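What follows is a short report on a single structure.
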Amino acid sequence: MKLFECQSCRQPLYFENTRCESCGRELGYLPALGTVTALQSDDRGWRALAEPKGRYRYCVNAVHNVCNWLLPVDHPEQFCAACRHNRTIPDLSQPLNLTRWRKIEVAKHRLFYTLLRLRLPLANRAQDPGGLAFDFIADQAADGTHSVMTGHASGLITINLAEADDPERERQRFEMREAYRTLLGHFRHEIAHYYWERLVARTPHLMEFRNLFGDEQKDYAAALEKHYAEGPPSDWHEHFVTPYASSHPWEDFAESWAHYFHIVDTLETAGGFGISLWPKVAKGGELAARIDFDPHQADLDRIIEAWLPLTFAVNSINRSMGLPDLYPFVLAPSVIVKLAFVHRLIAACSHQRARPAPAGAIRAIVASIRRSVGSPEGL
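Here the sequence shown is numbered in the working numbering, starting from 8 and rising by one per residue.
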């Protein structure tokens, strides 16, 4: 995500801010401009300092402090471009539900930031019966068991409200032996299933998908049952980005898609801070990177050339603080080829001009960086 600042006082801002702590101005996010803007009230609505000609109002979910997105004051919709996809929200009469819903909306709005940046299609249920929709539902079972399953079905993404409870999510992460489990990760994974149906199924891309990921027609339920009973194959790290990706081609695609989103969003943030890497070690040049490009439009070889040194650097910083790796994954050459498929798919859909990187060149990049650190463990 790019960086934002108050147009009134130049105070740095977070994407979720609703008030500038420096000058006190109200803030809102303008999706059409991709910016957080300071606001000034007048008799026609809110005037945005980032676009003073228009007049705006907040999404109606702002009353719950779960959204800071703006719409033109005369827009026919009451909800913003992100919130109008909500089909079910939690029962707000329950004390903890509002707190957890706020966490869910933070992650969902960050997902929509990337979807809009990549210009992916976003039909809602009012526009298309199979359009994108969200159910945010709490478990009803009295014994604490999970009666609501997080997942996707025919355009509907369901998120169990328990995923917004940090201790519970960490418990599930530990029990499922996952290296990473976050709300934003859930959204990026589940949205991939939606776009698989839109961009891959019944399209000319399907054959290439099967060549890379496998035949999605294999029994899905049986594949998941086998995965949970037996675990991933011993060599999963050579072919998949996570153990779960090995369970079924659909899940391999979803995990690859999610990691593509992790990469482009984190690189944009790093670029916003002007991060460049010039390590003072032997062969440090192989870990050097200048992140001065827009990853949403860059070629994949440039993205990977920057991503691998960046993750080695931030993982090293985390270890210096005694924290887990920020990015605890290894991008094997075969995984990067799958990322290239996702990259081309999104570029074709959004009509961006992107040159796919040759698989051999990407493998050379990966091999060079791994040689420079002596092991793949830190990447």
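No residue lacks a Cβ here, since even glycine has one placed at the ideal position from N, Cα and C. Quantities reported herein were computed from a predicted structural model and do not represent experimental measurements.
query	result
In chain order, what residues of the same chain have a beta carbon less than 7 Å from the beta carbon of A45, not counting five sequence neighbours either side?	C13, Q14, S15, C27, R32, L34 and L56
Helix, strand or coil, according to DSSP, for K60 in the structure here?	strand
What are the start and end residues of the alpha helix (DSSP H) that includes R438?	The structure shown does not extend to residue 438, since the chain is modelled only from 8 to 386, so the question has no answer here.
So, are the CB atoms of L315 and N325 less than 7 Å apart?	no
Using beta-carbon positions only, say whether W264 and V349 come within less than 7 Å of one another.	yes
Comparing alpha-carbon positions, which option in Y65, D98 and R91 lies nearest D135?	R91
Whose C-beta lies closer than 8 Å to the C-beta of D201 among residues of the same chain, with five residues either side of it excluded?	Checking the sequence, you will find Tyr at residue 201 rather than Asp. Taken in chain order, the residues that qualify are L139, H159, G162 and I164.
Would I298 and L274 qualify as a contact pair, given that the criterion is a beta-carbon distance under 7 Å?	yes
Assign W53 to one of three DSSP states: helix, strand, or coil.	strand
Enumerate in chain order the residues of its own chain whose CB-to-CB distance from L123 is below 8 Å, with the five nearest sequence positions on each side excluded.	P38, G41, A88 and L129
Have a look at the DSSP bridge pairing and note the partners of L346.	DSSP output for L346 lists no bridge partner at all.
Would you kindly work out how many angstroms separate the C-alpha atoms of P59 and I166, rounded to a whole number?	38 Å
Can you tell me the Cα-Cα spacing of L206 and H212, whole angstroms?	8 Å
Alpha carbon to alpha carbon, how far is V73 from E245? Give it in angstroms, no decimals.	41 Å
What residues match up with R297 in a beta bridge as DSSP calls it?	S283
Is the stretch 110 to 123 in contact with the stretch 185 to 197, if contact means three or more CB pairs nearer than 8 Å?	yes
Per DSSP, A140 forms a beta bridge with which residues?	L163
By DSSP, does R94 sit in helix, in strand, or in coil?	strand
Which of the three DSSP states is assigned to R360 in this structure?	For R360, the pLDDT reaches just 36, beneath the cut-off of 50, and the residue's location in the model is therefore unreliable, although a value from the coordinates is still provided. Reduced to three states, the DSSP call for R360 is coil.
Which residue marks the beginning of the beta strand (DSSP E) containing Y120, and which one marks its end?	Here Y120 belongs to no beta strand (DSSP E); instead the alpha helix (DSSP H) covers P102 to R124.
Could you pull out every unbroken alpha helix (DSSP H) segment of at least 4 residues lying fully inside the stretch 208 to 251, listed in chain order?	213 to 220 and 227 to 237
May I ask which residues mark the beginning and end of the beta strand (DSSP E) holding P38?	P38 -> no beta strand (DSSP E), and no H or E assigned at all.
What residue from T106, E215, I96 and E23 has the CA that sits closest to L352's CA?	E215
Going by beta-carbon coordinates alone, are H255 and Y235 separated by less than 7 Å?	no
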